[in-house]
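These notes are about the structure you will find just below.
Number of protein chains: 2
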Amino acid sequence: MPLQKPLKIAVVGATGAVGSVALKLLEARKHPADRVVALASARSDGKKLPYLNREITVHESRPDMFEGVDVAFVSVSATVSKLLQPEITKRGALMIDDGSAFRMRADVPLVVPEINGADIEWHRGIISIPNCTTTPLAMVLDALRRVSPVKRVTVATYQAVSGTGAAAQAELIEQSKDVLGGRPARPAVYPHQIAFNVLPQVDDFEADGYTKEEHKMVNETRKILHEPDLPLSATCVRVPVQISHSEAVQVEFERAVSPDEAREALAGYVGISVVDDPARRVYPMPHQAAGRDDVFVGRIRKDLSHPNGLALWFSCDNLRKGAALNALQILDEAVRRGSLKPTGQ
Amino acid sequence: MPLQKPLKIAVVGATGAVGSVALKLLEARKHPADRVVALASARSDGKKLPYLNREITVHESRPDMFEGVDVAFVSVSATVSKLLQPEITKRGALMIDDGSAFRMRADVPLVVPEINGADIEWHRGIISIPNCTTTPLAMVLDALRRVSPVKRVTVATYQAVSGTGAAAQAELIEQSKDVLGGRPARPAVYPHQIAFNVLPQVDDFEADGYTKEEHKMVNETRKILHEPDLPLSATCVRVPVQISHSEAVQVEFERAVSPDEAREALAGYVGISVVDDPARRVYPMPHQAAGRDDVFVGRIRKDLSHPNGLALWFSCDNLRKGAALNALQILDEAVRRGSLKPTGQ
Numbered sequence: 006m007p008l009q010k011p012l013k014i015a016v017v018g019a020t021g022a023v024g025s026v027a028l029k030l031l032e033a034r035k036h037p038a039d040r041v042v043a044l045a046s047a048r049s050d051g052k053k054l055p056y057l058n059r060e061i062t063v064h065e066s067r068p069d070m071f072e073g074v075d076v077a078f079v080s081v082s083a084t085v086s087k088l089l090q091p092e093i094t095k096r097g098a099l100m101i102d103d104g105s106a107f108r109m110r111a112d113v114p115l116v117v118p119e120i121n122g123a124d125i126e127w128h129r130g131i132i133s134i135p136n137c138t139t140t141p142l143a144m145v146l147d148a149l150r151r152v153s154p155v156k157r158v159t160v161a162t163y164q165a166v167s168g169t170g171a172a173a174q175a176e177l178i179e180q181s182k183d184v185l186g187g188r189p190a191r192p193a194v195y196p197h198q199i200a201f202n203v204l205p206q207v208d209d210f211e212a213d214g215y216t217k218e219e220h221k222m223v224n225e226t227r228k229i230l231h232e233p234d235l236p237l238s239a240t241c242v243r244v245p246v247q248i249s250h251s252e253a254v255q256v257e258f259e260r261a262v263s264p265d266e267a268r269e270a271l272a273g274y275v276g277i278s279v280v281d282d283p284a285r286r287v288y289p290m291p292h293q294a295a296g297r298d299d300v301f302v303g304r305i306r307k308d309l310s311h312p313n314g315l316a317l318w319f320s321c322d323n324l325r326k327g328a329a330l331n332a333l334q335i336l337d338e339a340v341r342r343g344s345l346k347p348t349g350q
Numbered sequence: 006m007p008l009q010k011p012l013k014i015a016v017v018g019a020t021g022a023v024g025s026v027a028l029k030l031l032e033a034r035k036h037p038a039d040r041v042v043a044l045a046s047a048r049s050d051g052k053k054l055p056y057l058n059r060e061i062t063v064h065e066s067r068p069d070m071f072e073g074v075d076v077a078f079v080s081v082s083a084t085v086s087k088l089l090q091p092e093i094t095k096r097g098a099l100m101i102d103d104g105s106a107f108r109m110r111a112d113v114p115l116v117v118p119e120i121n122g123a124d125i126e127w128h129r130g131i132i133s134i135p136n137c138t139t140t141p142l143a144m145v146l147d148a149l150r151r152v153s154p155v156k157r158v159t160v161a162t163y164q165a166v167s168g169t170g171a172a173a174q175a176e177l178i179e180q181s182k183d184v185l186g187g188r189p190a191r192p193a194v195y196p197h198q199i200a201f202n203v204l205p206q207v208d209d210f211e212a213d214g215y216t217k218e219e220h221k222m223v224n225e226t227r228k229i230l231h232e233p234d235l236p237l238s239a240t241c242v243r244v245p246v247q248i249s250h251s252e253a254v255q256v257e258f259e260r261a262v263s264p265d266e267a268r269e270a271l272a273g274y275v276g277i278s279v280v281d282d283p284a285r286r287v288y289p290m291p292h293q294a295a296g297r298d299d300v301f302v303g304r305i306r307k308d309l310s311h312p313n314g315l316a317l318w319f320s321c322d323n324l325r326k327g328a329a330l331n332a333l334q335i336l337d338e339a340v341r342r343g344s345l346k347p348t349g350q
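Those protein sequences? They're chains X and L, same order as listed. Position in the first sequence counted from 1, then plus 5, gives you the numbering used here. Position in the second sequence counted from 1, then plus 5, gives you the numbering used here.
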């Protein structure tokens, strides 16, 4: 086999919460610096970022920056994603998009490789990454439906501020200092104080009283699992945590499923770790999941309110498996399947 | 009517999170200082507390301190509650207990006056206050079952540290300062870091994988509502918030209930305020509920996963309606019903 040149990878949103983690993950793989293109808004143009004992320079995301790029990881606003997409596609690069812009489009695969890696094969230039609350939930449901078909899911989330971005992380720190110092908190990124408070709002509201985030969880989970009618309802809540989303989940199955059956199915699933020893106060927590790759699942028990129900709890690093790590895994899977270029090209 | 001397009220646990609020509420009613007996552990003996522009002295909870007392509000550990109870009862005082020691005893009414005030009439010296997560949930369910019978309830909580007590409140502050200062958090009250983290554990675990807190919610809600078989399942989670518990709730009814029907029933219920204007980012939050009396309910919407389901969210001050305020309201109701003394005495 001829020695291949490493792929040229653009990270768009390189100074953001997800982009920084994507760069860290590339660095950990020793992906050569001259095959990394760090892109961001004009404000960050010329900024230097440490990378493998040297520096890489951030450039503004201009169309010509995608010349010669094989893959672009894009983690910016939906508006900017949509503007950049034709420029990326026409230069022949695969766009792996972290935003909500393309996820529900019929011609765009929405992929968690452990679940629906095969969907990568029909991409037409864009592959979307699910929302960071959706990915771990879909993985847990995929593991559990191997035991018995899932009939209904309800979920309440505990979402970290890094899901909003780096500015929200700074806001939580500043507000916490202000409140501890006896000064009023000054909300800017969020509509209300987030320090020492919880907000039952993630993303904007829609007419039916649900937020876009809650609808994303429903629609994206159905698409990834290829279960277009799966009954699912979510309450998405922001909590004063920096990294890792947690979710309290109730699942109803076609038949009664024991906690042990569920535990076995979850433990045998790539990308899931069972952390479930309550007697020793061992259970998943955002603090412990941060910086790690797996979905950590625990508190697995019978749902006392339904004969075929289970209740469980998980935490997952929203920047890693919830975003940047999933993007890299999609790339690996595309390479493995020979699907870097769109079908028919 | 003859002018009656105000009741002599003992507050046991007067220096704790709930006891302090009980004293504040008595102060707000201008209950005379010489009719208030502030009791606590030996450590606080002799401590002075401000009260109505003067001071009251805290005494150790010795049995003789209950001489002449009409009512004792007790908010201490279950162990201490059980030790004090015979001393309080034999001196003829009504014990209104905030702990879990007596709540499920068949001869002890467990009361939220808005729901089951009539149960006060059969007390035999002890009336229990429900757990601070149970009271607001039971009120919401009581309002909603007037529209249609409730068939199943699932709930995930977001509980403030003051539910644990004053030491936990101090721990959240200290840990937050440590983390912001780049120092490691030092857990003492909780088994794990609570600052910038969430803990899927409230109270100890039982053999079935549920915590005692989660069982309390099930058993106490059933007892208060007189619905011994109500299917209910809870996940109780501690969040880094000082005051007010929040809950994400899914309710299934006998028939389809519209959000408007639910809103009307909740708005018409004494002690509940509907705060539900998502388009204007108006919804209940712990930060806004703290220091206020009502249960604040919002995010009322169809449960997308069940034809007869509703989803909603509420916040409630766990020290007020969740504890001290409910205790005072039980006292008022006992006086109104002429039930200060046990039946048969």
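Every residue gets a Cβ at the ideal spot worked out from N, C-alpha and C, and that includes glycine. No experiment lies behind these values; they were computed from the predicted model shown.
| query | result |
| --- | --- |
| Closest by C-alpha distance to L:Phe201, when choosing among X:Tyr163, X:Phe210 and X:Thr216 | X:Tyr163 |
| Per-residue DSSP class, three states only, for X:Lys272 | Sequence inspection shows Ala at residue 272 of chain X; the Lys mentioned does not correspond to that position. Of the three classes helix, strand and coil, the one that applies to X:Ala272 here is helix, per DSSP. |
| Three-state secondary structure (DSSP) of L:Val23 | helix |
| Extent of the continuous alpha helix (DSSP H) run through X:Arg150 | Thr139 to Arg150 |
| Endpoints, the alpha helix (DSSP H) within which X:Thr94 is located | Ala83 to Lys95 |
| Bounding residues of the beta strand (DSSP E) (the contiguous stretch that carries X:Val160) | Val155 to Tyr163 |
| Where X:Leu237 meets chain L, residues with beta-carbon distance less than 9 Å | Leu309 and Ser310 |
| Unbroken alpha helix (DSSP H) run spanning L:Glu225, endpoints | Lys217 to Leu230 |
| Rounded distance between the beta-carbons of L:Leu324 and L:Val26, thought under 8 Å | 4 Å |
| is_contact[X:Gly130, chain L] using C-beta, thresh 8 Å | no |
| Within chain X, the residues that L:Gly214 reaches when beta carbons sit closer than 9 Å | Pro264, Asp281, Pro283, Arg304, Ile305, Arg306, Lys307 and Ala316 |
| Other residues of its chain near X:Arg151: CB distance less than 6 Å, five sequence neighbours each side excluded | Ala270 |
| X:Thr169 and X:Met222 closer than 8 Å at C-beta | no |
| Chain X contact for L:Met6 (CB, 8 Å cutoff) | A caution first: L:Met6 carries a pLDDT of 46, below 50, which makes its placement in the model too unreliable to give a value. |
| Proximity to L:Ser49 [Cα-Cα], best of L:Ile134, L:Val302, L:Leu315 and L:Gly24 | L:Gly24 |
| Contacting positions in the stretch 159–182 of chain X - beta carbon closer than 7 Å to chain L | Thr159, Ala161, Tyr163, Ile178, Ser181 and Lys182 |
| C-beta contact flag for X:Gly314 and X:Val256 at 8 Å | yes |
| Pick from X:Ala165, X:Leu230 and X:Leu177 that is closest to X:Val2, judged by C-alpha positions | Because chain X here runs from 6 to 350, residue 2 of chain X falls outside it and cannot be looked at. |
| Beta-carbon proximity list for L:Glu225, same chain, < 7 Å, skipping 5 on both sides | Arg108, Leu115, Pro135, Asn136 and Thr139 |
| Beta-carbon contacts of L:Ala171 that lie in its chain and below 7 Å, excluding the five residues immediately before and after | Gly21 and Ala22 |
| Check whether X:Phe301 and X:Ala295 have beta carbons under 8 Å apart | no |
| Sequence-distant residues of the same chain with beta carbon closer than 7 Å to L:Gly73, five excluded per side | Lys13 |
| C-beta neighbour in chain X for L:Gln255, strict 8 Å | yes |
| Supposed contact pair X:Ala253 and X:Val160 - C-beta distance, whole angstroms, cut 8 Å | 7 Å |
| Limits of the unbroken beta strand (DSSP E) element including L:Ile101 | Leu99 to Asp102 |
| Span of the beta strand (DSSP E), counted from its first residue to its last, around L:His250 | His250 to Phe258 |
| Alpha carbon of X:Pro233 to alpha carbon of X:Thr94, nearest angstrom | 28 Å |
| Short CB-CB distance (under 8 Å) between X:Pro245 and chain L | yes |
| Buried versus exposed, by CB contacts within 10 Å (16 or more), X:Gly327 | buried |
| DSSP-derived helix/strand/coil call for X:Phe319 | strand |
| CB contact below 8 Å: X:Arg150 versus chain L | no |
| Classification of X:Pro205 by the beta-carbon crowding that lies within 10 angstroms, buried from 16 upward | buried |
| Contact list for the stretch 184–196 of chain X against chain L, Cβ threshold 8 Å | Leu185 and Pro196 |
| Contact set between the stretch 202–213 of chain L and chain X, restricted to residues whose Cβ is under 7 Å from the partner | Asn202, Val203, Leu204, Pro205, Gln206, Phe210 and Asp213 |
| Backbone secondary structure at X:Val207 - three-state DSSP | coil |
| Positions along the stretch 283–301 of chain X whose CB lies within less than 9 Å of some CB in chain L | Pro283, Ala284, Arg286, Tyr288, Pro289, Met290, Pro291, His292 and Gln293 |
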